[in-house]
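Residue numbers (the numbering used here), protein chains in the order written: chain E, 1 to 349; chain Y, 350 to 1248. Ideal Cβ positions, reconstructed from N, Cα and C, are used throughout, including at glycine. Nothing here was measured: the structure is a model prediction, and the numbers come from that model. Since the structure comes first, as structure tokens, the remarks are kept for the end.
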Ligand SMILES: [Mg+2]
């Protein structure tokens, strides 16, 4: 058992470790039946909805994906293998994982309530990192069993609002090629989370190279024909409109997740849909991903520090590689308990 | 659009939409003029990305200026165009793109108006020339004209502005000159290095401003288009504001000369166009050039320019069109489209306006009130992305029909009252003048313009907005035009003033004779004129009745475009000039001009519709089906115009086949109508020329076609009448009247022309070809490398490819190799050597440009990412606008439905 200490954070302060700009190397889609397709067919385009609009509308027809099965890194690995076949060369990386795992790691210094369990395997010098599926299921079951606070909406409804917001904001083709009827009819579209577009990016933090897969909500304009050019991705988020100073702090903490998620895949812009407590979408705000940490520091309560997140992640990944990267095979467990000042790593198989 | 007084009306109703343009003046250091470096920040406090030039609005005033001496040669015209364009570019300082759009072949629907303008213009020019000739003869007879001066031709034939039509040699010269000048600027002005310039010359079909709109729409459809692009369009047409609104690009301005600015330029002689003397003193002496190209002639202060902020108009309309408690979601973009649609009813270039809608009577307000009342009932907007919902349009027209009788009656009452007041004032004035005989200070002169309420700055006179003509570029755009200065609403109604003008309304020649030969000759001239006008004959006018009578109270010259000088000189006792009497005029001076003419339609009396259809359309008053047919065609026209504005030309061949509009009451069962357009294809340049030119302007058309216009046995000789009747149709002045020209039958025209096509020379055939847009930019522009690589390197790509928007800095579309462009060649001025510099090496590139084509309907929506600036209207403006919107437009019984 190895332990990686989170605290004291002062170790991670200062200017951030080197970051390699995320670059999309491949993509894949899940279609409306959640069938994997190794193309960009589920790419969506952003066009804002008419406001105000009720996010709860259509909840009864929500097509919610059953994610109880353990998909491991299947789709990501299939895509990488396909790419390797096409390019005729191996895709080199120290770590391959979903964006979600990296988000949890990066947020660890400031998100005290964040707990996670992951499994890691090292193969030919590459660490494959995935969520411990049974832990995730247990956590979800516990959350759903909690009755919502009086007057609040259920977990299911709140998560529906997020998907509804996406449906309201997305177009299957650029605005110019989409009919007015579709654009205005989005309020009545059946909400489904079956279809997804996932970007596979190559990036680097400190001296660790990473291949990350993650869902991208939309593109602002269109994917550039020149693959060396960055794409103007859009991340869509809903948030309760902050009314009190306490709300504002809560929102700032939420921005930490927004920022990390977008930062990792190189999403330059986040559109936040603010909603009332009852789920009425009232206004939108466009955030420039790069300037979020600075704004939090200068204008906010400075409840988190982006550089610390980056330096922490760089140090942790480095330690992880030292711990398990040289070994040959075997499954390792990475765990962080709620409020724990350490991340534990041990071999399970 | 020919909502003649639209600019005026808009700027009065929405005062904050106008602001002056701040122009940086070149500084002088030690006597040396330091040119303005337009790379510096724009002094207007805002930078602009794209500048669009509706080029006819530059070519017309530069080739036949309203004031000042006309350029002596076409080359001088080109120099004037360069100079003017440069000034506009310096004001705007576009940072990304400039598009120069010259009118190409227009849709058939526009050609009726073009034809009428050109026939009138030719007649006017002929008149002017006749006057000049007459004058020369007189000078000669008196030995006042030196032989040398006679030969120098200082008094030359009036330049035929009809040459500004696609397919003429003049337009070819213009296109060549513009290409040269743009390349020259790209080479020599560092501020142009980042600029992409598109030239759409007359060989590319479509009206200039509509080619510009097509471009903007095409860019909006490109996903990479920056929704906060700042657009400026320069042009003279009032409908540029409508078009600007219709783009749904919120950062949009219209730029134009301040037409209401009183300039202090010296008046010029009407015969030779020079300063320093009036026509009567003209000796026809050659002009002494001031400066190398006579540029110092125009050293007088330049007319200032103004901005028209579409963004601020949007703010006003957002308040005015806001209807509370709608059963559906309010959508400003849709409401704006409806507003534009309602403006069409009051006037446009393609349809005559409805008799009951008059901008002076706040016709647009009447429609807005009807629209506001009906919006909740209609359940949605009248238009959608350029398509009319006919069932909803029926609501609007029914609302108007209910008020129609009241509108006509009220119009009569107001007219009568004004007339009585004017008569009284005239009598008072006369009494006063008799008392202070010889006062001569012009005080309370009957034709002294009286300000309109709400008169704007500097206390200048306000024109009768209804008396304004359809905007013809280069005409009536300036303060010197009588329609702006002298003919105020008051003076139009004031019979005294009109009479006064009429009395002196003789040809310049006549007045000169009077002056030079005294008594005897003057009488002779009068007689001559009376004979001439009488020859026009009342019988020649098919629409008879009212129009003939109406004409009587207007100048005998029904075609005379009256100049400010004329009016002023009338009052000061100086002889008038340039008031051609026209043999073609149906007017007769026999009627006492002091008496208002009887109006045989009498819209204020029952049965007016019967009389209207009988007299204007020659239709049986009992034939109600005919009226519905006319209304049907009119609705088709409205649908056509709306599509033309919002989607691009729906049909090149469609046109409204009548000279007059129906009544609102004649629109029935619109919901049962189905409208569809056959796209067809544009005329070729020579076909359009043959379709719009009078025989007098045939010099602009290849010789082989001339016999078709002149030979008595030509199959289409009926298209080219020498004389044509002009129906004043209740208006006061000739330029407001309806020219009753026969409509062109395209089939017969093309059949006749087909027999001549084989006779054309190579060059003539080339001038009839359809051209392409050209894109020019500096070799220092980042796009150069890519284009050069694709077209001129060893590993060339396809001869046509799609631009990478990130490299082109926002421009979407395709480029194609331009075979007339040779890399690293020299650049030379296409006209006379030495007038403009030649460059040994041309550091600009030229390619063909193709706008991205969309198979999708253009949508009237804002783009994602639009950011609005700070609002221009303050609380008081908002309250005032809201208050007005509740009350306006209800003079004729428009009562809110929900009251
Ligand atoms: Mg035009």
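Does residue i pass the burial test, meaning 16 or more other C-beta atoms within 10 Å, or should it be called exposed?
| i | result |
| --- | --- |
| residue 1037 of chain Y | buried |
| residue 827 of chain Y | With a pLDDT of 39 at residue 827 of chain Y, under the threshold of 50, the modelled position of this residue cannot be trusted, and the question is left open. |
| residue 955 of chain Y | exposed |
| residue 243 of chain E | exposed |
| residue 726 of chain Y | exposed |
| residue 69 of chain E | exposed |
| residue 822 of chain Y | In this prediction, residue 822 of chain Y scores a pLDDT of 34, lower than 50, which makes its location untrustworthy; no coordinate-derived value is stated. |
| residue 410 of chain Y | buried |
| residue 6 of chain E | buried |
| residue 835 of chain Y | Legend: pLDDT at residue 835 of chain Y = 30, less than 50; position of this residue unreliable, no value from coordinates given. |
| residue 492 of chain Y | exposed |
| residue 1043 of chain Y | buried |
So who's on the other strand from residue i, going by DSSP bridges?
| i | result |
| --- | --- |
| residue 605 of chain Y | Y/655 |
| residue 700 of chain Y | Y/697 |
| residue 401 of chain Y | Y/448, Y/582 |
| residue 736 of chain Y | Y/733 |
| residue 1198 of chain Y | Y/1122, Y/1164 |
Between the Cα of residue i and those of the options, spot the shortest distance and give me the residue it belongs to.
| i | options | result |
| --- | --- | --- |
| residue 1033 of chain Y | Y/592, Y/1117, Y/979 | Y/1117 |
| residue 368 of chain Y | Y/657, Y/1128, Y/720 | Y/657 |
| residue 750 of chain Y | Y/449, Y/703, Y/734 | Y/703 |
| residue 1111 of chain Y | Y/1051, Y/1063, Y/1138, Y/1128 | Y/1051 |
| residue 447 of chain Y | Y/677, Y/549, Y/966 | Y/549 |
| residue 274 of chain E | E/337, E/300, E/161, E/44 | E/161 |
| residue 681 of chain Y | Y/1223, Y/1211, Y/556 | Y/1211 |
| residue 354 of chain E | E/126, E/151, E/170, E/156 | Since the displayed chain E opens at 1 and closes at 349, residue 354 of chain E lies outside it and no answer follows. |
| residue 440 of chain Y | Y/416, Y/388, Y/461 | Y/388 |
Just checking: is the beta-carbon of residue i within a distance shorter than 9 angstroms of some beta-carbon in chain E?
| i | result |
| --- | --- |
| residue 795 of chain Y | With a pLDDT of 39 at residue 795 of chain Y, under the threshold of 50, the predicted position of this residue should be treated as unreliable, and no value is reported. |
| residue 1188 of chain Y | no |
| residue 678 of chain Y | yes |
| residue 334 of chain Y | There is no way to answer for residue 334 of chain Y, as the model of chain Y reaches only from 350 to 1248. |
| residue 733 of chain Y | yes |
| residue 572 of chain Y | yes |
| residue 1219 of chain Y | no |
What separation, rounded to the nearest whole angstrom, lies between the Cα atoms of residue i and residue j?
| i | j | result |
| --- | --- | --- |
| residue 177 of chain E | residue 1184 of chain Y | 50 angstroms |
| residue 653 of chain Y | residue 355 of chain Y | 20 angstroms |
| residue 754 of chain Y | residue 741 of chain Y | 22 angstroms |
| residue 342 of chain E | residue 321 of chain E | 17 angstroms |
| residue 719 of chain Y | residue 711 of chain Y | 13 angstroms |
| residue 1066 of chain Y | residue 1059 of chain Y | 7 angstroms |
| residue 86 of chain E | residue 25 of chain E | 12 angstroms |
| residue 329 of chain E | residue 237 of chain E | 38 angstroms |
| residue 689 of chain Y | residue 1206 of chain Y | 18 angstroms |
| residue 991 of chain Y | residue 571 of chain Y | 23 angstroms |
| residue 262 of chain E | residue 292 of chain E | 11 angstroms |
| residue 394 of chain Y | residue 438 of chain Y | 16 angstroms |
| residue 701 of chain Y | residue 968 of chain Y | 18 angstroms |
| residue 412 of chain E | residue 593 of chain Y | For residue 412 of chain E there is no data in the structure shown, the boundaries of chain E being 1 and 349. |
| residue 489 of chain Y | residue 478 of chain Y | 16 angstroms |
Shorter than 9 angstroms from the beta carbon of residue i to some beta carbon of chain Y?
| i | result |
| --- | --- |
| residue 183 of chain E | yes |
| residue 242 of chain E | no |
| residue 177 of chain E | yes |
| residue 224 of chain E | yes |
| residue 45 of chain E | yes |
| residue 180 of chain E | yes |
| residue 57 of chain E | no |
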